[in-house]
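Down below is the structure, laid out as structure tokens.
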Amino acid sequence: MLRVAKVIPKTTAEGPHERLALWVAGCDLACPGCCNPELFAPEAGTSLDRSALARLIEDASDVEGITVLGGEPLQQPGGLAFVLRLARARGLGTIVFTGYTLGAAQRLPDFDEVDANVDTWVDGPFDARRPETRRRFIGSSNQRLHHRTSRYADATLWNGRTRVEVRIGPGGAVEAHGLPRGVARLRRALHRT
Ligand code: SF4
Numbered sequence: 000m001l002r003v004a005k006v007i008p009k010t011t012a013e014g015p016h017e018r019l020a021l022w023v024a025g026c027d028l029a030c031p032g033c034c035n036p037e038l039f040a041p042e043a044g045t046s047l048d049r050s051a052l053a054r055l056i057e058d059a060s061d062v063e064g065i066t067v068l069g070g071e072p073l074q075q076p077g078g079l080a081f082v083l084r085l086a087r088a089r090g091l092g093t094i095v096f097t098g099y100t101l102g103a104a105q106r107l108p109d110f111d112e113v114d115a116n117v118d119t120w121v122d123g124p125f126d127a128r129r130p131e132t133r134r135r136f137i138g139s140s141n142q143r144l145h146h147r148t149s150r151y152a153d154a155t156l157w158n159g160r161t162r163v164e165v166r167i168g169p170g171g172a173v174e175a176h177g178l179p180r181g182v183a184r185l186r187r188a189l190h191r192t
């Protein structure tokens, strides 16, 4: 099972190339200035069982890879490892954002099972006081890339500025993701209107 808060089937704002992006629910890390506090509660989102997760990956036919964000993915290591393994089996690349440093993550239970299925980690707590300005997709300058394979190791894939992707749902709901401070500003502006 994996508690999933949001899925975007295709985006270019959460890693190189076109990707399936999956936000898990549940996080107790309290990074300074987190722009996803609605994902802190473990009961947020929906629990997807193995067959639902398999369908999600089977449907991801026209993307280069999958990015898992949160919430904190490593607080659900079993479900996370399962979905990453499926993605890998279909030839998709895998990127995981974690609020733990990799050193701390390596001490967590079942880390190795997850790590074996990750091409690139983006690690470390998001810090709104240190916004990233040179690397795309990454929220704050303290966060580090750790390439476990060469798939995303080319630095030019990460050079540039992160953008905000805005989507308008069928009911008119506005959804934004990508650059954290851009998302936060947009949410504040929408809240005022
Ligand atoms: S790990 Fe992610 S969801 Fe958790 S507090 Fe940090 S930025 Fe927010």
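Residue numbering for the sequence shown follows numbering that gives the first Met the number 0, starting at 0 and increasing by one per position. Think of the CB as a built atom: it goes at the ideal place given N, C-alpha and C, for glycine as much as any other residue. Keep in mind the model is a prediction, meaning the values are calculated, not measured.
query, result
"Among R84, P15, D122 and A12, the one whose alpha carbon lies nearest that of S140", "D122"
"Cβ contact (3+ pairs, closer than 8 Å) linking the region 89 to 96 and the region 109 to 126", "yes"
"Contact the region 61 to 68 vs the region 11 to 20: 3+ CB pairs below 8 Å", "yes"
"Rounded straight-line distance, which links the Cα of E112 to that of C26", "20 Å"
"The ligand SF4 heavy atom lying under 7 Å from the CB of P124", "yes"
"A59 vs P15 beta-carbon contact at 8 Å", "no"
"Check: A29 C-beta below 7 Å from any heavy atom of the ligand SF4", "yes"
"Environment of G170 [buried if 16+ CB atoms lie within 10 Å]", "exposed"
"Span separating the alpha-carbon of V163 from that of N35", "14 Å"
"Backbone secondary structure at D109 - three-state DSSP", "coil"
"Which residues DSSP lists as bridging A20, in chain order", "I7 and T66"
"Selection from R106, L101 and G168 that minimises the alpha carbon distance to R147", "L101"
"Contact under 8 Å by Cβ, Q75 with L28", "no"
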